[in-house]
Amino acid sequence: MRAFSGFPEGKTGLVRLPESVFTDLLPLVDDLNELKVILHVLYRLQQGKGAMRYVSQRSLLSDPVLLRGMDGPEAVRAALARAVERGVLLQIEAEVDGHPDVVYLANSPRGRAALEALRQGVPLKEPPPP
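So the sequence shown is numbered by my numbering: it starts at 1 and just counts up by one.
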């Protein structure tokens, strides 16, 4: 087991999570990879800008922070599928930076509205989060 070196001193960025992540979702999740993906996607969604916040599958499959804690891209895909099946994440095929991709949104009022807009043909305007 690799040890965690601790939280850094001084001002650091914070990630906000809905209370329901702890009260409703955490008791349901029974797969560590799924939990890692859910937390990572929620983190990345907060990095986005604008009303239609999403994370592309392509960016997740090449994210070194996410991949460092998982057994490769197939484990990420499987965990994403579990999170979608569980209803935590929403997914839709969309064009991202001129290429077809799968995008993920939080199953929240904002995410559901964005999903419906994408289904109606509204293009992704905001760039994906870093």
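Yeah, the Cβ is synthetic: ideal placement off N, Cα and C, and Gly gets one too.
Fair warning: this is a prediction, and the values are worked out from it, not measured in the lab.
- When secondary structure is reduced to three states using DSSP, Tyr54 falls in the coil class, being assigned neither helix nor strand.
- Counting C-beta pairs closer than 8 Å gives fewer than three between the segment 64-75 and the segment 12-20, which falls short of the contact rule.
- When DSSP reads this structure, Asp101 sits in a beta bridge with Ala94.
- Note on Val122: under 16 other CB atoms within 10 angstroms of its CB, so exposed under the neighbour-count rule.
- Here the alpha carbons of Val84 and Asp97 stand approximately 23 Å from one another.
- According to DSSP, residue pairing for Leu26 in a beta bridge does not occur.
- Here the alpha carbons of Arg58 and Lys36 stand approximately 17 Å from one another.
- Per DSSP, reduced to three states, the secondary structure at Leu17 is coil, with no helix or strand assignment.
- Assignment of Leu35 by DSSP, reduced to helix, strand and coil, places it in the helix class.
- Beta-bridge pairing by DSSP links Ala106 to Leu89.
- In the DSSP assignment, Arg68 falls within the unbroken alpha helix (DSSP H) covering 64-68.
- The DSSP-derived three-state label of Arg2 is coil.
- In the structure shown, the three-state DSSP call for Gly111 is helix.
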